[in-house]
Amino acid sequence: MCSHARILVWPRFNDDRLVAPLEVTIRTTLLLSVISVVLAACVADTRPDDAACSAPTIELELTVRADDMVPSNPSVCRDQEVTLVISAQVDGVIHVHGYDTELPATELSNGDELSLIFDASRSGQYPIELHRLESPQGINVGILTVHEP
Ligand SMILES: [Cu+2]
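Following the numbering used here, the numbering of the sequence shown begins with 1377 at its first residue and continues without gaps.
This is the structure we're talking about:
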């Protein structure tokens, strides 16, 4: 399982000008290394089985709550048409970093059920972020993995 991925803080470049640029670079590199290791460990766990991966379409149900998403690790294969069926239990905006073109940021209202459809044209891992209405600061609620077929 990959529950530890939820507590990861995605790298943020803070605006503290007192920090030497080199130090920021080193810290960022270290953080990215740690994240890469953690994510690499997750990839094998989430892969859809062969039949699901070779299907032209895939549908996943996700519940978006105030602080998290269940499940938090939706996983598809490249070149699939993906339908995310989202049950919203919070007001806010959700988006997938790195897939904003294929899947524009979407407003959610508590009680909504909506389907988001997009083409998974690129493999990789993409953080899913929720911006709640009352606190616009985004929180990471999960990660989308697009596997190589
Ligand atoms: Cu965001």
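Note that CB positions come from ideal geometry on N, CA and C, so glycine has one too.
It should be emphasised that the depicted structure is a prediction, and the values quoted were computed from it without experimental measurement.
Query: By C-beta, the residues closer than 5 angstroms to any heavy atom of ligand 1, given in chain order; Result: 1505, 1514
Query: Validate contact between the segment 1471 to 1482 and the segment 1428 to 1444 using beta carbons, cut 8 angstroms, 3 pairs; Result: no
Query: Extent of the continuous alpha helix (DSSP H) to which residue 1426 belongs; Result: 1426 to 1430
Query: Backbone CA spacing between residue 1524 and residue 1504 [nearest angstrom]; Result: 19 angstroms
Query: Backbone CA spacing between residue 1510 and residue 1442 [nearest angstrom]; Result: 11 angstroms
Query: Under the three-state DSSP convention, the category residue 1477 falls into; Result: coil
Query: Alpha-carbon spacing of residue 1487 relative to residue 1475, whole angstroms; Result: 25 angstroms
Query: Whole beta strand (DSSP E) elements within the segment 1443 to 1503, 3-residue minimum; Result: 1451 to 1453, 1457 to 1464, 1468 to 1472, 1482 to 1484, 1489 to 1495
Query: Cβ-Cβ separation, residue 1520 to residue 1502 (assumed contact under 8 angstroms), whole Å; Result: 5 angstroms
Query: Residue from 1522, 1444, 1450 whose Cα sits closest to the Cα of residue 1516; Result: 1444
Query: C-alpha distance - residue 1462 paired with residue 1492, whole-angstrom precision; Result: 8 angstroms
Query: Nearest-angstrom Cα separation, counted from residue 1470 out to residue 1532; Result: Nothing can be reported for residue 1532: it is not among the residues displayed for the chain, which extend from 1377 to 1525.
Query: Nearest candidate by alpha-carbon position, reference residue 1459, set 1450, 1465, 1467, 1466; Result: 1450
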